[in-house]
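Novice: These protein sequence lines map, in sequence, to chains G and B. Its first residue numbered 1, the first sequence is counted upward by one per residue in UniProt numbering. Its first residue numbered 1, the second sequence is counted upward by one per residue in UniProt numbering.
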Amino acid sequence: MSDLAMDAPYRPAALDRAEQGLLGKPIDRYEGPLKVSGAAPYAYEQAPEGTAYMAVVTAAIGRGRVTGIDAAAAEAIPGVLTVIHGDPRMPAGEGNSRAMPAMGSDEVFHYGQGIALVVAETQEVAREAARRVTVHYDEQPGRFDATAVEVQQDHKLGFLPPVNRGDLEAALAQAEVVLDRTYTTPIHFPAALEPHATLAWWEGDQLLVRTSNQVIGGAKGTIATALGIDKSRVRVQAPYVGGGFGGKTGVGQEAIFAAIAAEAVGRPVKVALTRRQTAYMVHHRSPTTQRLRIGCDREGRISAIAHESVAYQNDDSAFLEPVPFGTLPLYAGEARRFRTDLARIDLPATGAVRAPGEAIGTFAVECAMDELAEQLGLDPIELRRRNEPTRDPTTGKRFSTRRLLDCYDEGARRFGWDKRETTPGSRREGEWLIGMGMAAALRGNFTVQAEAEVILGADGRATVKTDMTDIGTGTYTILAQTAGEMLGLPISAIDVVIGDTDLPPSAGSGGSFGAGSACAAAALACEDILTELGLRMNAATDDLRLKDGQVTAGARTTPLADLVRGSPIAAKGKTTPGKESQATSQASHGAQFAEVAVNAVTGEVRVRRMLGVFDIGRVLNEKTARNQIVGGMVWGLAYALTEDAVVDPRNGRFVNPDFGEYHVAVNADVPQIEAYFIEEIDDSANPVGAKGVGELGIAGSGAAVVNAIHNATGVRIYDMPVTLDKLLSSLPPV
Amino acid sequence: MRFTINGSKREADPDIRASLLDLLREEFRLTGTKKGCDHGQCGACTVLVNGRRINACLTLAVMHQEDDIVTIEGLGSADNLHPMQAAFVRHDGYQCGYCTPGQICSAVGMLDEVAKGWPSHVSDDLSSPVLDEAEISERMSGNLCRCSAYPTIVDAIREVHDA
Ligand code: FES
Ligand code: FES
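(1) Report all residues for which the CB-ligand distance to some heavy atom of ligand 2 is below 6 Å; order them along the chain.
(2) When DSSP labels each residue in this structure, what does Ala570 of chain G get in the three-state scheme?
(3) Tell me, please, whether the CB atom of Gln123 of chain G is closer than 7 Å to any CB atom in chain B?
(4) Would the beta-carbon of Leu544 of chain G fall within 7 Å of that of Ala555 of chain G?
(5) Just the chain G side, please: which residues come within less than 9 Å of Cys45 of chain B by C-beta, in chain order?
(6) Determine the chain B residues that contact Gln214 of chain G at a beta-carbon separation under 9 Å, and present them in chain order.
(7) CB of Leu36 of chain B to nearest heavy atom of ligand 1: below 6 Å?
(8) By how many angstroms is the C-alpha of Val234 of chain G removed from the C-alpha of Tyr312 of chain G?
(9) For Leu342 of chain G versus Ile294 of chain G, is the C-beta spacing smaller than 7 Å?
(10) To the nearest angstrom, report how far apart Ala359 of chain G and Tyr111 of chain G are at their CA atoms.
(11) Any contact between the segment 520-540 of chain G and the segment 413-430 of chain G? By contact I mean 3 or more CB pairs, one from each, below 8 Å.
(12) Tell me whether Cys57 of chain B counts as near ligand 1, meaning its Cβ is closer than 6 Å to at least one heavy atom of that ligand.
(13) Would you check if the distance between the CB atom of Ser137 of chain B and the CB atom of Asn667 of chain G is smaller than 7 Å?
(14) Would you verify that the beta carbon of Asn667 of chain G is, or is not, closer than 7 Å to some beta carbon of chain B?
(15) Could you give the residue range of the beta strand (DSSP E) that holds Met610 of chain G?
(16) Within 10 Å of its beta-carbon, does Ala200 of chain G have 16 or more other beta-carbons around it, so buried, or fewer, so exposed?
(17) Any beta-carbon of chain B closer than 7 Å to the one on Phe248 of chain G?
(18) Run through DSSP, which three-state label would Gly24 of chain G get?
(19) Can we count Ala12 of chain B as close to ligand 1, meaning its CB is less than 6 Å from some heavy atom?
(20) Figure out for me which residue from G:Pro559, G:Ala645, G:Val705 has the closest Cα to the Cα of Arg609 of chain G.
(21) If we ignore side chains and look at the alpha-carbon of each, how far apart do Val596 of chain G and Ser512 of chain G end up?
(22) Please classify His161 of chain B: does DSSP put it in a helix, a strand, or coil?
(23) Measure the C-alpha to C-alpha separation of Val269 of chain G and Ala262 of chain G and round it to an integer number of angstroms.
(24) Which class does Ala493 of chain G belong to by DSSP, given the choice of helix, strand or coil?
(25) I need the boundaries of the beta strand (DSSP E) containing Val236 of chain G, first residue and last residue.
(26) Which of helix, strand or coil does DSSP assign to Thr100 of chain B?
(27) So, are the CB atoms of Gly9 of chain G and Asp683 of chain G less than 7 Å apart?
(28) For Gly660 of chain G, verify whether its CB is less than 6 Å away from any heavy atom of ligand 1.
(29) Could you name the residues of the same chain whose beta carbon sits closer than 6 Å to that of Thr327 of chain G, not counting the 5 residues immediately before and after it, in chain order?
(30) Assuming Pro287 of chain G and Pro322 of chain G are in contact, meaning their beta carbons sit under 8 Å apart, how far apart are those beta carbons, in whole angstroms?
(31) Would you list the residues sitting across from Gln290 of chain G in a DSSP beta bridge?
(32) Would a check of beta-carbon distances place Asp112 of chain B closer than 7 Å to chain G?
(33) Under 6 Å from any heavy atom of ligand 1, does the C-beta of Gly38 of chain G make it?
(34) Between Pro287 of chain G and chain B, is there a C-beta pair that is closer than 7 Å?
(35) Say yes only if the C-beta of Cys296 of chain G is nearer than 6 Å to one or more non-hydrogen atoms of ligand 1, and no if none qualify.
(36) What number of angstroms, rounded off, separates the C-alpha of Gly93 of chain B from the C-alpha of Leu193 of chain G?
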């Protein structure tokens, strides 16, 4: 096994020598034909004959205890196999490798918590029986109004400890210009289109779980822990996942329930949450209150910056939204304070939703920078340029690669930023007010341990194996491109097998670390294969040239298949973070631009154009990377304008737990969007030099829209999303 | 009950509570048609019934005696793609793929509506609408894509329409 810790910058020499020309190319998705023809199986599909159906009974109170469950009426329905409750292995919520929920408890932590399960011959019977289960409660008062609870400064939640550098208050007092603004962001649902679903069955004492999950290696351990069995008895598969967005990083209640149910009935059992259940049984992004203070001189040089927030969590969960994560390395300034305080509430768990931190933190910092630039009479890009740090201003570490200034410049040029009116509200077309806005995008980059195996078969085809998932992120395709590039094979000669914990353990899909980590592991495995090919070719590895299945060393050219000579070459690669990961500050960067039209009469906002330029290290596949970035930009658009989950403060229920009322972007909301890359391979990040893509697009894109609304109308809204009602009263006279 | 599904005669005895979507997915195992919401809010379950696109989750199976139903599997297969399926691959009109069968069935049904001259909310000319980007986006807004591949979905549909 080629085992590489990132103790120093590293790039496989073979990647620089490669002649296949696959990596980075905008090739079509490997699994595309299966997806467009409906043949790609997701968790709930292609279940074995005899699979029983499960429905989950959920709590109808917001806080309290279950005092009794009467299942007689449900059990009497023909077709009902069993009703299960009170099993000590039943979790009260979602679990993951770092934190487990309460187990076997009769406590209700929030409305909609799964408390009993019904297994039946058909979906219709399971659903009806679930409604006939009567649950008795001891209902207790709950904390449902997140703005009305006490805030704790002294807590241990989350992975971002508070930062206090220098004397912030003194620096603010001395600053010539100070901006002090408070922003609020609402609850966001991850709302993957495929609801959480699991198919579970036992073969002897082995448990098989096919589930809609982003990180199956972690899920395997979590499931084993919840059930109190050894990890080696659990196998998890997720060959296709219908979107994740953070919501499928842990193990939902329904997966454990399905395993318990399958054991009880001695048959495979499957369950899919209803859309409304996903709002309660899947974590959401915490609402936040964010106070942003910036102190600077009259030229805009920042001397003090503080991003202080409050986020929420229930009593049974340990995550805390890392609100200022993207602000930490963004701008210069000696005195710095970053902290996120905690409020405890009795609502479903909050957790990581696409770009935890940046997705909402950038609303505050990037809208504040826009307002500060206006106060100083500076172009917003110029203000950012004047505060571009040369080292990480919070940690003092050197940047691995950072092309933020280039992103601003290229973005401004392509977008036509010079045509922006500096006086807000001065461009009008009929009843529409037109404005332009921009924002910086930044998403921290993580290096995570990952393994992959590559096998060069006797037929000259290569197979890549790892337990990575493809949640729409292009994993199948970029793994094939990496192996093809390293081994000189066309994409048609590569097989990719992923989404099964029997394969080498990867990092899974989350935090935008999946692509870089998995492809790095595959590239390292290929390096070992090349070494072996060199031996078989009787040539130095560095002298090998590989293309289209042929190996050339000097004047000799041989088909790869001949070199394999009936004995396949298998190799494993493993990459782990190391000293270089520790010593550098790593992030993906970008510049976001938006043009909006605001109806002067109704306050309706239409986004007319969006454009972004991004620095994501090596681009592994230009087509899938661009699509993912654009998808993130659309999320920012929807965060700016529509997404807003509302809690009923009387009972802890969501007012809008489905697509009918929780408005994700639809096709008509989205203009054509342009995204470009400035490619600088980041050798400090991982052996393929790729940084995260999936979450970067959402960072700053919403702020660019909100800043464009201000430029169009002169109105600043600090409470996201910017809906018509908030805008209308402040619009200039028609 | 009798149905014609993807050109073949099929029989079933559905539960009166079963939706057409569940009949297709659970009884006939045509799992290409997806369930995203079960409430007519996402379009993942779009199929063609007697040539028109509908949300299969919003209609009961028992309402479809003798109906002619086409699902994504009936449009084309992985090694013999329908032009709309091929265009979605070429333009990367998807990511996770979960909304995709619904998008494709919806797009095929939508182009037929345009060919028949049906106007939409954004049509300037109500008698013979021109299928530009705004028309495609408007007419495809019943199909959510949480991955938000909307721009490439529009590109794919436009290419098929213009061909
Ligand atoms: S599943 Fe039918 S519209 Fe969502
Ligand atoms: S491709 Fe994932 S929802 Fe559309």
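Glycine is no exception: its CB is placed at the ideal position from the N, C-alpha and C atoms.
Specialist: According to the structure shown:
(1) G:Leu193, G:Gly243, G:Gly472, B:Tyr94, B:Gln95, B:Cys96, B:Gly97, B:Tyr98, B:Cys99, B:Thr100, B:Cys145, B:Arg146, B:Cys147, B:Ala149
(2) strand
(3) yes
(4) no
(5) Result: empty, since nearest Cβ-Cβ is about 11 Å, beyond 9 Å.
(6) In chain order: nothing, as chain B lies at least about 11 Å away.
(7) Here residue 36 of chain B is Gly; the residue named in the question, Leu, does not match the sequence. Yes, Cβ of Gly36 of chain B sits closer than 6 Å to a heavy atom of ligand 1.
(8) 33 Å
(9) no
(10) 26 Å
(11) no
(12) yes
(13) yes
(14) yes
(15) 605-615
(16) buried
(17) Checking the sequence, you will find Lys at residue 248 of chain G rather than Phe. Closer than 7 Å: no.
(18) strand
(19) no
(20) G:Val705
(21) 29 Å
(22) helix
(23) 5 Å
(24) helix
(25) 234-237
(26) helix
(27) According to the sequence displayed, residue 9 of chain G carries Pro and not Gly. A contact, by the Cβ cut-off of 7 Å.
(28) no
(29) His307, Gly361, Val365
(30) That belief does not hold up - the Cβ atoms of Pro287 of chain G and Pro322 of chain G are roughly 15 Å apart, past 8 Å.
(31) G:Tyr183, G:Ser309
(32) no
(33) no
(34) no
(35) no
(36) 15 Å
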